[in-house]
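Student:
Numbering (the UniProt record's numbering), first residue to last: 1 to 106.
1. From this set, 93, 56 and 45, which residue's C-alpha is nearest residue 72's C-alpha?
2. Could you say if the region 16–33 and the region 72–91 meet the contact criterion of at least three C-beta pairs nearer than 8 Å?
3. Among 11, 106, 18 and 34, whose alpha-carbon lies nearest the alpha-carbon of residue 60?
4. State yes or no: is the C-beta of residue 48 within less than 8 Å of the C-beta of residue 81?
5. Taking all protein chains shown into account, decide if residue 105 is buried (16 or more other Cβ within 10 angstroms of its Cβ) or exposed.
6. May I have a chain-ordered list of the beta strand (DSSP E) segments no shorter than 3 residues that lie completely inside the UniProt domain "ABM" (15–83)?
7. When you compare the CB positions of residue 29 and residue 100, do they come within less than 8 Å of one another, or not?
8. Which residues in the same chain have their Cβ closer than 7 Å to the Cβ of residue 96, if we skip the five residues on either side of it in sequence?
9. Whose C-beta lies closer than 8 Å to the C-beta of residue 7 among residues of the same chain, with five residues either side of it excluded?
10. Going by the DSSP bridge assignment, what does residue 95 pair with across the sheet?
Written out as structure tokens, the structure reads:
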């Protein structure tokens, strides 16, 4: 992704997913990652996403409320991606959820 997600006036929530990848299986990972971005964009409450990877990967998705995040975490296809991530694609990861109370930029 090469753009900054347009987000509404705060408050809203950010899910920050930080990961370190395993070696190999790049094609299936990339396809699943693209599919998850598309699927997340269809979920109620989704506001946008930003992602970068160079050694460590950081993906930040933005959500209207905590209930939207809960529903996304429980999505059947997302549950499969989470399982494959733990089993195949990540050496380690951490998910953080934060409330965005203020933003600024140009």
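For glycine and all other residues, C-beta sits at the position ideal for the given N, C-alpha and C. These numbers come from a predicted model, not from an experiment.
Tutor: The structure says:
1. Relative to the Cα of residue 72, the nearest Cα in the group 93, 56 and 45 belongs to 45.
2. Taking a cut-off of 8 Å for Cβ pairs, the region 16–33 and the region 72–91 touch, as three or more such pairs fall below it.
3. Residue nearest to residue 60 within the set 11, 106, 18 and 34 is 18 (criterion: CA-CA distance).
4. In this structure, residue 81 does not lie closer than 8 Å to residue 48 by Cβ.
5. Sixteen is the threshold: since fewer than 16 other Cβ atoms of the shown chains lie within 10 Å of the Cβ of residue 105, the residue is exposed.
6. Here the runs fully enclosed are 46–54 and 56–63.
7. Cβ distance not < 8 Å, so residue 29 and residue 100 don't count as in contact.
8. Taken in chain order, the residues that qualify are 16.
9. Excluding its 5 nearest sequence neighbours in each direction, residue 7 has C-beta neighbours in its own chain below 8 Å: 47, 48, 62, 100 and 103, listed in chain order.
10. Residue pairing by DSSP places residue 95 opposite 17 in a beta bridge.
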